[in-house]
Amino acid sequence: MKHILLTNDDGIYSPSIPVLREALARVGEVTVFVPSHNWSAAGHTKTMHKPLRVHKVKLDDGTVAYTSNGAPSDCVALAMLGILSRKPDLVVSGINQGANLGQDITYSGTVAAAMEGVIFGLPAIAVSLDSFESQDFSYAAEFTAHLVNIILVRGLPPGVLLNVNVPAVPREQIRGVVITRLGKRIYSDVLVERKDPRGRNYYWIGGEPPSGVIEEGTDIWALANNYISVTPLHMDMTDYRLLREMKKWGIGKR
Ligand code: MN
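End of the sequence shown = 526 in my numbering, gap-free, step of one.
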């Protein structure tokens with residue numbers, strides 16, 4: 273039986289854990305290893321300046337989970353570097369509360385945990401539900417287990433992870449699955465300046481949640497049209513087109 277590492281960036285109290293754990297348990301042996309608190313938008317972190325602690329805790333459903341004070345990506349590293357007696361064959365990160373589309377992937381702790389799995393040479397998928405409020409992870413969990421089953425058979429090329437986003441609508445309204453490219457988010461962040469009780473300024477990056485450019489074939493388009501989006505991502509961010517072009521720039525030593 274294959275061994276699936278289940279992590280997330282919403283922490284041990286995420287309501288998606290028991291639902292996804294149960295769905296994945298039909299596909300393989302599941303180990304839950306998650307941060308002890310919420311790391312949303314923590315990006316790809318390697319904790320180097322404080323000790324990492326690991327605790328084994330019992331979840332409400334009676335199953336055991338590992339937690340760490342480290343980031344989602346630290347949890348994957350800890351699991352791979354020896355905390356688990358049996359190494360995982362695949363990493364699932366999620367189900368995140370809130371979509372991870374377009375440039376979100378560069379902020380996302382959910383995606384970063386999957387990237388960490390890829391760095392360790394494992395196939396990995398990041399899964400997000402397009403809602404901060406919905407508590408219904410059942411369809412997203414079922415789809416994730418279905419996709420994991422396919423990946424365990426077919427594998428993924430080295431350096432590749434899948435970024436999955438599921439619309440938060442009743443399952444009969446989901447129109448299908450689209451293999452997508454990354455779209456373009458439009459962030460409407462504003463700088464909020466306030467004063468702390470000692471009279472000093474502090475700042476908060478606030479504003480409305482991001483929207484996005486609705487362009488067919490993108491993850492943003494898929495979600496806007498009630499499709500599940502599956503975006504293959506490569507860890508190699510080299511711009512090969514510009515690389516070739518830049519060789520003609522004559523950037524020499526001065
Ligand atoms: Mn999150």
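Idealized CB from N, CA, C, for every residue including glycine. Computed from a predicted model, the values in this text were never measured in an experiment.
Residue nearest to residue 400 in terms of C-alpha spacing, selected from 295, 500, 367 and 430
Position 128 of the sequence shown holds residue 400. Taking only the C-alpha atoms, the option nearest residue 400 is 367.
If contact is defined by three or more beta carbon pairs under 8 Å, each pair taking one atom from either stretch, is the segment 389-405 in contact with the segment 329-339?
no
Identity of the residues DSSP links to residue 484 by a beta bridge
Residue numbering aside, residue 484 sits at position 212 when the sequence shown is read from its first letter. 457, per the DSSP bridge assignment.
Taking only three categories from DSSP, how would you classify residue 401?
Along the sequence shown, read from residue 1 onward, the residue named residue 401 stands at position 129. Residue state, collapsed to three classes: strand.
Around the C-beta of residue 478, are 16 or more other C-beta atoms found within 10 angstroms, so that it is buried, or is it exposed?
Residue 478 sits at position 206 when you count from the first residue of the sequence shown. So residue 478 counts as exposed.
Cβ separation of residue 215 and residue 416, assumed to be a contact under 8 Å, to the nearest whole Å
Outside the modelled stretch of the chain, which goes from 273 to 526, sits residue 215, for which no answer is possible.
Looking at the unbroken alpha helix (DSSP H) that takes in residue 301, where does it start and where does it end?
Translated into positions along the sequence shown, residue 301 becomes position 29. It is not in any alpha helix (DSSP H) - residue 301 instead sits in the beta strand (DSSP E) that spans 301-307.
What is the DSSP secondary structure of residue 407, counted as helix, strand or coil?
As a working mapping, residue 407 is identified with position 135 in the sequence shown. In this structure, residue 407 counts as coil in the three-state DSSP scheme.
If you measure from the CB of residue 403, is any heavy atom of the ligand MN nearer than 8 Å?
By one-based count along the sequence shown, residue 403 stands at place 131. False, no ligand heavy atom lies under 8 Å from that Cβ.
Per DSSP, which residues does residue 465 bridge with? Please list them.
Position 193 of the sequence shown, counted from the first residue, corresponds to residue 465. In the DSSP output, where bridge partners are listed per residue, residue 465 has 475.
Is residue 348 helix, strand or coil by DSSP?
Position 76 of the sequence shown, counting from 1, holds the residue named residue 348. Helix, per DSSP.
Could you tell me the alpha carbon to alpha carbon distance between residue 472 and residue 346, rounded to whole angstroms?
In the sequence shown, residue 472 corresponds to position 200, counting from 1. In the sequence shown, residue 346 corresponds to position 74, counting from 1. Using only the alpha carbons, I get a separation of about 34 Å.
From the DSSP secondary-structure annotation, give me the bridge partner or partners of residue 314.
Translated into the one-based positions of the sequence shown, residue 314 becomes position 42. Residue 314 pairs with nothing; no bridge assigned.
Measure the alpha-carbon distance for residue 361 versus residue 296 and round it to whole angstroms.
Stepping through the sequence shown from its first residue, residue 361 is reached at position 89. Stepping through the sequence shown from its first residue, residue 296 is reached at position 24. Cα to Cα, residue 361 sits roughly 13 Å from residue 296.
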